[in-house]
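Okay, so here's the structure we're looking at.
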Amino acid sequence: MWLVGAYAVLLASDLRYLLHGALYAASALLLLRPQWLRPRRGRGRAWQAFALMAIWCTFVAMPLASLLRGDLHRHLVINGVLWLGAGAGLAAVWTRALRLRRWPIAPLLLATGGVALFEPGFVIVRSAWTGQWSGVIVLTPVLFAAHAALIAPIAAAWRDVLASPTAPPVGIGATATAAFAGGTAFLVGGVLWLAGVRRLLEALA
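To convert, take the position in the sequence shown, counting from 1, and add 18; that gives the numbering used here.
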C-alpha cells in the first residue's frame with residue numbers, strides 16, 4: 019500500500035511514471051518464468067549470469083527506471099554505454115553473492131533494492147538529512163522497488179544455478195553486506211568507467 023500511495027502522488031505530477039509499470043511487469047514476468055533466462059542444457063556459467071545482469075540492468079531496466087531520460091547523454095543507447103560500468107559493478111557483486119549464499123526471494127529483493135541508498139544523487143539520504151520527510155516517505159518505496167528491478171529478475175533466475183551445494187542460507191548480515199557491496203560497486207564502477215571513457219576520448223581527440 020505504501021508503494022501504491024507513493025505512485026499515486028508521483029503520477030499526479032508526472033504521468034511518465036507509468037513507465038515504471040512496464041519495468042515491473044517485465045520483471046514480474048521474468049520472476050515467474052526464470053527458465054527463460056537459464057541455459058537449457060548443462061550448468062550455466064557465472065560469466066553468463068554476469069553478462070545477463072549487466073545488460074538487463076544497463077540497457078533495459080535503467081532506461082525505464084529513469085523514465086527514458088538520458089541523464090548522461092540524450093541518446094539512450096549512448097547513455098546506456100556510459101552507465102555500463104555501474105551496471106557491471108552491480109552485476110559482479112551479485113554474481114559472487116549468488117555463489118556464496120542461498121537466496122530466498124524476500125531477502126534478495128530487499129538487498130537488491132538497497133542500492134537505492136547509494137544511487138548517485140543520494141536522494142533518500144539527502145532528503146532525510148535535510149528533514150524533507152515528505153520526500154523520504156514518497157521516494158523510498160519507489161526507489162527501492164525500481165532499484166530492485168535492476169538486478170533481481172536475473173539474480174532470482176540464476177540463484178539456484180550458481181549457488182554452491184554447501185552454500186548456507188542468507189541471513190540478515192549477508193543481506194546487509196550484499197546491499198552495501200552492491201551499492202558501492204554501482205558507484206565505484208560507474209566512476210571508474212566514466213573516467214576510462216573520458217581518457218579514451220581524450221586520447222582519440
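By construction, the Cβ of each residue, glycine as well, lies at the ideal position given by its N, Cα and C atoms.
Within 7 angstroms, strictly: CB atoms of ALA24 and VAL160: Taking the first residue of the sequence shown as 1, we reach residue 24 at position 6. Taking the first residue of the sequence shown as 1, we reach residue 160 at position 142. Result yes, Cβ atoms of ALA24 and VAL160 sit closer than 7 angstroms.
Anticipated Cβ contact below 8 angstroms, LEU90 with LEU100, distance rounded: To locate residue 90, count along the sequence shown from 1; it is residue 72. To locate residue 100, count along the sequence shown from 1; it is residue 82. Yes, they are in contact, since the Cβ atoms of LEU90 and LEU100 sit about 4 angstroms apart, within 8 angstroms.
Spatial distance of GLY62 from LEU116 (CA atoms): In the sequence shown, the residue the question calls residue 62 occupies position 44. In the sequence shown, the residue the question calls residue 116 occupies position 98. Per the coordinates, the alpha-carbon of GLY62 lies some 13 angstroms from the alpha-carbon of LEU116.
Distance CB(CYS75)-CB(GLY105) smaller than 7 angstroms: What you label residue 75 is simply residue 57 of the sequence shown in a count that begins at 1. What you label residue 105 is simply residue 87 of the sequence shown in a count that begins at 1. Yes. Within cutoff.
Given 8 angstroms, three or more beta-carbon pairs between the region 141–158 and the region 208–220: no
Where ARG216 falls, given that 16 or more other Cβ within 10 Å makes a residue buried: Here the question's residue 216 lines up with position 198 in the sequence shown. That one is exposed.
Sheet register partners of ARG120 (DSSP bridge): For the purposes of this step, residue 120 is taken as the residue at position 102 of the sequence shown. The partner list for ARG120 (beta bridge, DSSP) reads PRO187.
Euclidean distance between Cα positions of MET80 and THR113: In the sequence shown, the residue the question calls residue 80 occupies position 62. In the sequence shown, the residue the question calls residue 113 occupies position 95. Roughly 19 angstroms separates the two Cα atoms.
Beta-carbon gap between GLY103 and GLY207 smaller than 7 angstroms: Start at 1 with the first residue of the sequence shown, and residue 103 comes out as number 85. Start at 1 with the first residue of the sequence shown, and residue 207 comes out as number 189. Contact flag set, yes.
Buried versus exposed, by CB contacts within 10 Å (16 or more), SER45: To locate residue 45, count along the sequence shown from 1; it is residue 27. In summary, SER45 is buried, with 16 or more beta-carbon neighbours lying within 10 Å of its beta-carbon over all protein chains present.
Three CB pairs or more closer than 8 angstroms across the region 186–201 and the region 43–57: no
ARG87, DSSP secondary structure in three states: Mapped onto the sequence shown, residue 87 falls at position 69. ARG87: coil per DSSP, three-state reduction.
Assigned secondary structure, PRO81 (DSSP; H/G/I helix, E/B strand, else coil): By one-based count along the sequence shown, residue 81 stands at place 63. Looking at PRO81 - three-state DSSP - the assignment turns out to be helix.
Three-way DSSP call (helix, strand, coil) for SER182 in this model: Numbered from its first residue, the sequence shown carries residue 182 at position 164. Residue state, collapsed to three classes: coil.
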